[in-house]
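This report concerns only the one structure given below.
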Ligand code: HEM
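Numbering (the numbering used here), first residue to last: -1 to 417.
Put into C-alpha cells, the structure is as follows:
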C-alpha cells in the first residue's frame, strides 16, 4: 500500500512544529500524533521523513537497506539537504576528526571500528570501574555540600561523567575542562538547523580537540600506559584490511568517545531526576528499596530519552509502513517517540519505575546500538545511588523545567537542587 493523497493532505497540517516552545517543553503529544498517521511523516524543511513508531524504527535501524552514508551516486543531491554541519563546506577539521566517526560508517569499516573499542566497553570490563565511579561521585557531592544549592547538571553530572570517561581513555585531569568545552561546541553543530556562528565554534573546537588528542595518541605510541588511548594507539597501522586503524581513525575515535561518553549520560540523569521530582510516589518506592536503582534507571531512560533523533539514508528504493522511499531519502528515527509507543508500553506516558522497560530504544537498536550503554548504565546507577545516600536531593527550590533548545539532545538547561 502506498500512502494516498488524502493521507498526504494530513501531512501538510502542522503536526510537527519542532521550533515551538510547546514542542521543546514536551514533544510527546506531537510524537503521539505522528504515530497515529499512516506511513512516515514527511517534514519538508529538513527534507526528511520521520519514523515515530517503535516497529518502524526497529525495522529501519535493523535493516541493511538503510545506511548512515548516503549512496555515492546521490551525494550531489544531498549537499542540498541535511544539517549545515553535514554539508560542511568550510569545516575541514570537523569533517576529518568529528564527522568521520564510526557512527557515520557502514559495513566493514563500521564493524572494524566498532571492534577496535568493543572489548574495552563490554560489560565485564566496565563493571570493574564501579568503585572508582562511586569514589568520584561521592567526593564531588561532598565538595558541593557547603553550597546549599547545586545545579545537578553542571555541578555534579558533568564533572563526574567527564572524569569517568576521561580516566577510561587516559586523558589527564588538567585537560578535562578543555574537553568539556570542545564537546559542548561540537554537539551544537548537530542540530538540523544550526547558526553560522555555532559552526565556526564547532570547527575551532574540532581543531583544538584533534590537536590535543594527537599529542596524547603520539605520546602513548611511544610510551603506552594501561588506558584506552594506549590500546587504540597500538592498533594504528597501515593494514586496515587486517583490523588495524589509521591514525586519523584513532584520533576521531578518542574524540567521539569523549563526547558520547558524557553528553547523553548527563542529560539522562537530569531528565530522570526531574521525573522523580515530579512523581513523589515513584521516588518513595525507590528510596524505600521497593524497586532497584537499575530498574529506575531503565525507566528514566525510556520516559525521557536524552537522544531523540538520529537519521539513516535509504540505500535502495524501499517501503516502510506504506510510505515509498527512494534511494538517498533521509529518515529520522525518533527514539524518544518509540519509547512512548502504546503498542509496546502499557500506559506509556506514566512514569513507572516498576514496569521493567526492557524494550526501550534510548540506546538505539541494530548495527549502531550504543557501545557505551554498559558504562552509561553504570554511571547513572552509581550517580543516583550516591545522590540517594547523601542528600534529600528531591527537594528542589521552586524549579521549573526549561529544556535546552535542541531537537536531537533532550536535556534541561539546569536543575537546581538542595544539597
Ligand atoms: C545515557 C547515555 C547514553 C545514551 C542514551 C546513548 C545513546 C546512543 C544511541 C541512541 C546511539 C545510536 C545512534 C544511532 O542509532 O544512530 C549511540 C551510539 C553510540 N554510543 Fe551511546 N549513548 C549513551 C552513552 C554513551 C557512552 C557513555 C558512550 C561511550 C563510552 C557511548 C558511545 C557510543 C558509541 C561509540 C556509539 C556508536 C555505535 C556505532 O555506531 O556502532 N554512548 N548511543
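Virtual Cβ for every residue (Gly too), placed ideally from N, Cα, C. Keep in mind the model is a prediction, meaning the values are calculated, not measured.
query, result
"Neighbourhood of residue 291 by C-beta distance below 8 angstroms, restricted to the same chain and skipping five residues each side", "284, 379, 382, 383, 386"
"Validate contact between the stretch 19 to 37 and the stretch 196 to 215 using beta carbons, cut 8 angstroms, 3 pairs", "no"
"Closer than 7 angstroms: residue 263 CB and nearest the ligand HEM heavy atom", "yes"
"Contact between the stretch 119 to 128 and the stretch 333 to 342 (3+ Cβ pairs under 8 angstroms)", "no"
"4-residue-minimum alpha helix (DSSP H) runs that sit fully inside the stretch 284 to 365, ordered along the chain", "291 to 301, 333 to 336"
"Near the ligand HEM: residue 333 beta-carbon under 7 angstroms from a heavy atom", "yes"
"Distance cut-off 7 angstroms: residue 58 Cβ against heavy atoms of the ligand HEM", "no"
"heavy atom of the ligand HEM below 7 angstroms from residue 361 C-beta", "yes"
"Classification of residue 12 by the beta-carbon crowding that lies within 10 angstroms, buried from 16 upward", "exposed"
"Residue 304 versus 398, 259, 324, 360, residue with shortest Cα-Cα distance", "360"
"Enclosing alpha helix (DSSP H) for residue 194 [first to last residue]", "194 to 220"
"Segment contact flag, the stretch 107 to 127 with the stretch 241 to 248, C-beta cutoff 8 angstroms, min 3 pairs", "yes"
"Per-residue DSSP class, three states only, for residue 241", "coil"
"DSSP state of residue 83 mapped onto helix, strand, coil", "Any reading at residue 83 must be qualified, since the residue scores a pLDDT of 49, below 50, and its modelled position is unreliable; the value itself is stated next. Helix at residue 83."
"Exposed unless 16 or more other CB atoms sit within 10 angstroms - verdict on residue 174", "buried"
"Exposure of residue 208, with buried meaning 16 or more beta-carbon neighbours within 10 Å", "buried"
"Rounded distance between the beta-carbons of residue 52 and residue 341, thought under 8 angstroms", "6 angstroms"
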